[in-house]
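Q: Chains as they are written, first to last, in the numbering used here: chain A, 1367 to 1769; chain B, 590 to 824.
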Amino acid sequence: MSDAPGLRLSRMVGQNLRNRPFRSLATIFAFAIIASTFFSSQYLMSGAQQSLDAGISRMGADILVVPTEYSHTGQSVILTGEPSTFFLEGSSVDTISRIPGVAKASPQIYLATLHASCCAAPVQMIAVDPERDFTVSTWLKENPGITLGKDDMIIGSAVVQDIGKDLQFFGHTYYVVGQLQQTGMGVDNSVFVRSEDAYVMADESGEKAVKRLTIPEGMVSLVLVKVDPQTSPASVAAEIERQVPTTKTILPNGLLNAVSGQLYAVTRLLYGSAIAVTVVSVPLLGLLAAMVTHERRREVSILRALGAKNSFVAGLMLAESFSLAIVGGILGIGMAVGILVSYQDLISQVLKIPFLIPSPLTILAQGGDALLLLIGIAGVSSLYPIYRIIRSEPYETIRKGES
Amino acid sequence: MIEVTGASKVFQSGNAEVRAVDDVHLGIKPGEFALIVGRSGSGKSTLLGMLAGLIRPSSGAIRIRGMDLGSLSDDGMSKLRSREIGFVFQFSGLLPTLTALENVMVPTLFSRGEAGTRARALELIRTVGLSERANTYPGTLSSGEMKRIAIARALINRPSLLVADEPTGDLDVDTEDEIMRLFRQLNREGMTIVMVTHNPDLVEYATRMFRMDRGRLEEWTDLHPGTPLRGSLPI
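(1) Who pairs with A/Asp1711 in a beta bridge, going by DSSP?
(2) Looking at A/Tyr1753 and A/Ala1671, is the spacing between their C-beta atoms short of 8 angstroms?
(3) Mind the definition here: the stretch 660-679 of chain B touches the stretch 1682-1693 of chain A only if three or more C-beta pairs lie below 8 angstroms; say whether that holds.
(4) Between the stretch 1675-1692 of chain A and chain B, which residues of the former have a C-beta closer than 7 angstroms to a C-beta of the latter?
(5) Residues of chain B with a CB under 7 angstroms from the CB of A/Gln1381: which are they?
(6) Quick one: what does DSSP say A/Tyr1753 is sitting in, helix, strand or coil?
(7) Measure the beta-carbon distance from A/Glu1570 to A/Gly1522 and round it to whole angstroms, keeping in mind my assumption that it falls under 8 angstroms.
(8) Please confirm whether B/Leu698 and A/Leu1375 have their CB atoms less than 8 angstroms apart.
(9) Tell me, please, whether the CB atom of B/Glu606 is closer than 8 angstroms to any CB atom in chain A?
(10) Are any of the Cβ atoms in chain E nearer than 8 angstroms to that of A/Glu1661?
(11) The beta strand (DSSP E) spanning A/Pro1473 covers which residue range?
(12) Taking the beta strand (DSSP E) that A/Pro1433 belongs to, which residues open and close that run?
(13) Grouping DSSP H, G and I as helix and E and B as strand, with all else coil, what is A/Lys1614?
(14) Looking only at its own chain, which residues have a Cβ that is under 7 angstroms from the Cβ of A/Ala1655, when we skip the five neighbours before and after it?
(15) What residues of chain A sit near B/Ile738, judged by a beta carbon separation below 8 angstroms?
(16) Could you tell me which of A/Ile1462, A/Ala1469, A/His1438 and A/Val1432 sits nearest to A/Phe1453, measuring between CA atoms?
(17) Using CA atoms only, rank isn't needed, just tell me which of A/Thr1597, A/Gly1413, A/Thr1451 and A/Gly1652 is closest to A/Met1585.
(18) Is the beta carbon of A/Gly1698 less than 8 angstroms from the beta carbon of A/Ile1399?
(19) Can A/Tyr1409 and A/Pro1726 be called in contact, C-beta distance under 8 angstroms?
(20) With respect to the alpha helix (DSSP H) encompassing A/Ala1568, which residues constitute its N-terminal and C-terminal limits?
(21) Can you check whether the C-beta of B/Ser700 is within less than 8 angstroms of a C-beta belonging to chain A?
(22) Exposed or buried, B/Pro619, counting other C-beta atoms within 10 Å across all chains shown (16 or more means buried)?
(23) Who are the Cβ neighbours of A/Ser1503 in its own chain at under 6 angstroms, not counting the five residues just before and after it?
(24) Within 8 angstroms of any Cβ in chain A, is that where the Cβ of B/Met656 sits?
(25) Residues of chain B with CB closer than 9 angstroms to the CB of A/Ile1641, please, in chain order.
(26) Output, in sequence order along the chain, the residues in the stretch 790-810 of chain B whose CB is closer than 7 angstroms to any CB in chain A.
(27) Take A/Ala1378 as the anchor and find which of B/Lys736, B/Met735 and B/Leu684 has the nearest alpha-carbon.
(28) Could you work out which residues of chain B lie near A/Leu1387, taking near to mean beta carbons separated by less than 7 angstroms?
(29) Measuring alpha carbon to alpha carbon, tell me which residue in A/Met1567, A/Leu1590, A/Ser1587 and A/Val1589 is nearest A/Leu1579.
(30) What in chain B is Cβ-close to A/Ile1668, meaning under 8 angstroms?
(31) For chain A, find out if any of its Cβ atoms is closer than 8 angstroms to the Cβ of B/Ser602; answer yes or no.
(32) Please report the residue range of the beta strand (DSSP E) in which B/Gly665 lies.
(33) Would you tell me roughly how many angstroms separate the C-alpha atoms of A/Val1693 and A/Pro1618, rounded to the nearest one?
(34) Should B/Leu615 and B/Leu806 be called a contact, given that it needs their Cβ atoms to be closer than 8 angstroms?
(35) Excluding the five sequence neighbours on either side, which residues of its own chain have a C-beta within less than 6 angstroms of the C-beta of B/Leu669, listed in chain order?
(36) Could you tell me how far apart the beta carbons of B/Leu750 and B/Met590 are, in whole angstroms, since I believe they sit closer than 8 angstroms?
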């Protein structure tokens, strides 16, 4: 029996919180709101960033060249995979290839498909020139044993079909040879085929498909450009726009800016909400803490009379405040993760941003950031009540309570 | 044990100064049971607060076991209270969120952690006759039971001085007698006790009596010189 544990501070903290359910729940709620808004902002930004990194790395291009009037459409296709069909003169590819600093120029033809059995929505068909392509070919190099032969198709991660099975577009049957990893960008909703198969498909579509497909001879949709090492993509892009005036260039930074622009309003709203909630909460939490402290001043005075040092009293009150912050933080972050993961596709569509769920490590780090913020807020909002109670005369308080 | 030299306490009440304790000189030896009586507002509780290191005197000096309270920091005072002084309030002062047993153990949070804290607390609860109530919350205890738990709490850190502020003020005659007999037993076992009360009938339990009036210690009486000190409480 002599080794049985004595009273622990954690027991006092737990009992104090349990016996003031209104204060505890109100404080937990406030902390949960702050945590969820702060965490959501970080989560969305990093999800978009990670998606862009994965997508741009998948494309392997330093510059995207699109028709001027379709620059916005081209961006949307790449970012969120909104299917579209647009063209620019194929001769532009040769002009671009000759510009100093251009290492590779790969034309692609973008075709918006009809609904297919694989997919809930139309997908983007991308026809590549195997001779010049470096997007699919890079992936093929990473996956030896897979080739993009006649009527073969590589599908994006969101396209539902098994490798080795067929998929029909415009009445043309393709054989699925591989599936790309998820990027969160438009490429997830895309299928890749060879240009010559796409032309055959277009020729046959009049007979085989519900709707005829036309690919104008000698036209391409966009050109992916890889620049020489030590060459500035920005200067090459400027030169492309100068030499091919009907085109607009998009740099990965431009895509990032576009995403940031699209996210700006949302993150501003989220960060604004987090700041507003914090600004409102700190004095409210302080007031709540002060009210509870006032209500407990006799109890705290008794502790001091029994020998508790000021540091013990401060520690007890901070431990209570931190416990509420941690519980509220975990609840808020948990709710935010639940909502953001469950509605990931909807959020991506509504905000028109690419999105890839951040890695568990990133989520943990962001959760840790949010918890640290809450602990800071909990500490700040407890300072004044702690100061007040430590400055009070314990015996006077006890005597007042007795009378 | 306690040495008070010219101690005064002045409170500010609006623009007026209230001299709650006025130039008090007092000496209490180890093993004494000192009773301080006086009417409400006479300053006896303020003096008790000063003796317990809870109120700093405006002037004069107070020494407990040779330690000058005026020279101690807030933390030093806390340390002194947790190790040398057991305090019993007029109301029990038990924490409602903790069980009786846990309440008894509260002061151990502020002192050196010792093995056997729970066992000692249970033993003290047994001594005050409430073994079967150890795991109940204060809300279910009677006033007398709460007071006895508060006494057990005051003894948990083996203090050399027990300070009690009107500990029987809200109790019926039987319970008051029970508590006072417990105090007397503690005193016989060597505990120095200073108790404030407005009830002069309790003088039979004390070895010395002081009377306060308007902040001044008016007179003292040595009631039972040479009281034997022995007993069985686990102090």
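Note that beta-carbon positions come from the ideal geometry of N, C-alpha and C, so glycine has one too.
Treat the numbers as computed from the prediction; the structure is a model and nothing was measured.
A: For this structure:
(1) Looking at the DSSP assignment, A/Asp1711 forms no beta bridge with any residue, so it has no partner.
(2) no
(3) No: the two stretches stay apart, fewer than three of their Cβ pairs being nearer than 8 angstroms.
(4) Lys1675, Asn1676 and Phe1678
(5) In chain order, Thr686 and Leu687 make up the part of chain B whose C-beta sits under 7 angstroms from the C-beta of A/Gln1381.
(6) In the three-state DSSP reduction, A/Tyr1753 falls in the helix class (H, G or I).
(7) Actually they do not touch by this definition, with Cβ atoms about 24 angstroms apart.
(8) yes
(9) no
(10) No chain E appears in this structure, whose protein chains are A and B.
(11) Val1468 to Ala1478
(12) Ile1429 to Pro1433
(13) strand
(14) So the list reads Ser1687, Ser1747, Ser1748 and Pro1751, once near-sequence residues are dropped.
(15) Neighbours of B/Ile738 on chain A: none; closest Cβ ~13 angstroms, over 8 angstroms.
(16) A/Val1432
(17) A/Thr1451
(18) Yes. Within cutoff.
(19) no
(20) Its alpha helix (DSSP H) spans residues Ser1561 to Lys1574.
(21) yes
(22) Of the residues assessed, B/Pro619 falls on the exposed side of the cut-off, its CB having fewer than 16 other CB atoms within 10 angstroms.
(23) none
(24) no
(25) In chain order: nothing, as chain B lies at least about 36 angstroms away.
(26) Per Cβ criterion, the list is empty.
(27) Ala is not the amino acid found at residue 1378 of chain A; the sequence shown has Met there. Checked all of B/Lys736, B/Met735 and B/Leu684; the closest Cα to A/Met1378 is B/Leu684.
(28) What sits at residue 1387 of chain A in the sequence shown is Pro, not Leu. Chain-order list of chain B residues neighbouring A/Pro1387: empty, with the shortest C-beta distance near 12 angstroms, by a criterion of under 7 angstroms.
(29) A/Met1567
(30) Phe678, Gly682 and Leu684
(31) no
(32) Where B/Gly665 is concerned, there is no enclosing beta strand (DSSP E), although the alpha helix (DSSP H) it sits in stretches over Asp663 to Glu673.
(33) 40 angstroms
(34) yes
(35) If you ignore the 5 residues before and after B/Leu669, its C-beta comes within less than 6 angstroms of the C-beta of Gly642, all in its own chain and listed in chain order.
(36) 6 angstroms
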